[in-house]
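Numbered by UniProt numbering, the letters in the sequence shown go through residues 1 to 263 in order.
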Amino acid sequence: MEEEVGPSSSLYGNGDGDVVNKSKFPLTFWEMAVASGVVLGFVLGLLCVYLTMPASDYSFLKLPRTLEDLQILRDHLESYTSDYTLQVLVWYCMVYIFMQTFMIPGTVFMSLLAGSLFGVFKGVALVVLNATAGASSCYFLSKLIGRPLLFSLWPDKLIFFQAQVAKRRERLLNYMLFLRVTPTLPNTFINVASPIVDVPYHIFFLATLIGIIPAAYVTVRAGITLGELRSVADLYDFHSIATLFLIGVVTVTPTLMTSKSRS
1 MEEEVGPSSS LYGNGDGDVV NKSKFPLTFW EMAVASGVVL GFVLGLLCVY
51 LTMPASDYSF LKLPRTLEDL QILRDHLESY TSDYTLQVLV WYCMVYIFMQ
101 TFMIPGTVFM SLLAGSLFGV FKGVALVVLN ATAGASSCYF LSKLIGRPLL
151 FSLWPDKLIF FQAQVAKRRE RLLNYMLFLR VTPTLPNTFI NVASPIVDVP
201 YHIFFLATLI GIIPAAYVTV RAGITLGELR SVADLYDFHS IATLFLIGVV
251 TVTPTLMTSK SRS
């Protein structure tokens with residue numbers, strides 16, 4: 001029995017379980033207008049933060065792509081954080097949520113920056129809250145315009161995810177926690193795909209809020225010794241990855257036991 005993947009204005013099944021793209025660009029004019037409006041809102045917010053900062057050379061303000069970029073950004077922001085704490089916090093939150101909403105790579109650098117600027121406990125709280133807000137923003141944006149885009153990019157992965165969600169519906173929170181804690185599926189994909197496969201928002205929210213804490217702690221803690229990092233790969237040694245998988249196995253065990261008892 002084939003899993004239903006849901007209707008789409010420009011994508012349909014061909015009868016063999018494959019998805020056929022009916023148009024070269026998957027989003028309609030109105031869907032693009034919604035996405036553009038969200039982008040404009042973020043840009044205006046960042047502009048307001050910029051206008052309240054003191055006159056200075058802000059050429060260092062750019063999304064970090066390497067550890068070198070991040071260290072330069074950290075060195076400059078340290079001098080502002082004590083005197084303009086509110087502005088730096090608002091800037092940080094808006095950038096993090098914007099990156100999460102539009103699936104822009106590099107939030108790991110923002111998590112490192114939180115540890116470097118605010119310490120472990122404040123940094124973890126900041127990362128968890130912003131990551132949850134950004135994931136929620138991505139969830140609702142995908143609910144509005146994500147279906148055609150998702151079927152164009154990851155049709156096979158989406159059908160697999162939908163089948164897993166349907167199979168674990170009664171213990172869905174445990175399964176979503178497992179996905180958040182472990183790198184089984186990319187967090188970006190989970191954010192975009194969850195509303196398409198009918199993961200309720202309250203389950204998505206709780207799994208995100210709780211499930212990203214372990215990885216956030218590892219990353220934020222590493223940000224305190226930012227100068228000692230040589231690459232992003234240094235963040236996750238064997239011990240860290242094994243710990244995350246152990247936590248993931250514990251969260252998904254009730255789901256597996258329920259499935260076995262019914263088979």
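C-beta: ideal position from N, C-alpha, C; glycine also.
Beta carbon of valine 127 nearer than 8 Å to that of alanine 216: At the C-beta level, valine 127 and alanine 216 come within 8 Å of one another.
DSSP state of serine 137 mapped onto helix, strand, coil: Three-state result, serine 137: helix.
Contact the region 176 to 185 vs the region 60 to 79: 3+ CB pairs below 8 Å: When Cβ pairs closer than 8 Å are counted between the two stretches, the region 176 to 185 is seen not to touch the region 60 to 79, the count staying below three.
C-alpha gap between leucine 77 and glutamine 164, whole angstroms: Approximately 44 Å between the Cα atoms of the pair.
Sufficient close CB pairs (3 or more, under 8 Å) joining the region 188 to 201 to the region 81 to 97: No, the region 188 to 201 does not touch the region 81 to 97.
Per-residue burial, serine 79 [other beta carbons within 10 Å of its own, 16 or more giving buried]: Answer is exposed; the Cβ neighbour count stays below 16.
Tyrosine 175 versus asparagine 191 - alpha carbon distance: Between tyrosine 175 and asparagine 191, the C-alpha separation is close to 14 Å.
From Pro186, Pro148, Arg168, residue whose alpha carbon lies closest to that of phenylalanine 29: That would be Pro148, whose Cα lies nearest to the Cα of phenylalanine 29.
Reduced DSSP category for leucine 63 - H, G, I as helix; E, B as strand; rest coil: DSSP places leucine 63 in coil when its eight states are reduced to three.
Nearest residue (CA-CA) to proline 155, options Ser116, Ile196, Met110: Comparing Cα positions, the closest option is Ile196.
Residue 264 vs valine 34 beta-carbon contact at 8 Å: Because the chain here runs from 1 to 263, residue 264 falls outside it and cannot be looked at.
Exposure label - cysteine 48; buried when at least 16 CB within 10 Å: Burial call: exposed.
C-alpha gap between threonine 107 and glutamate 170, whole angstroms: Those two C-alpha atoms are separated by around 32 Å.
Exposed unless 16 or more other CB atoms sit within 10 angstroms - verdict on serine 116: Result: buried.
Option nearest valine 218 by Cα separation, candidates Ala193, Leu61, Ala125, Ala135: Check the Cα spacing between valine 218 and each of Ala193, Leu61, Ala125, Ala135: the tightest is with Ala125.
Span of the alpha helix (DSSP H) around isoleucine 203: Per DSSP, the continuous alpha helix (DSSP H) segment holding isoleucine 203 begins and ends at 201 to 211.
Close Cβ partners of leucine 229 (< 7 Å) along its chain, the five nearest in sequence each way excluded: Correct list, in chain order: Leu67, Ala222.
Local conformation of isoleucine 224 per DSSP, three classes: In this structure, isoleucine 224 counts as helix in the three-state DSSP scheme.
Chain-order list of residues whose beta-carbon lies under 6 Å from that of methionine 103 (same chain, five-residue window excluded): Thr188.
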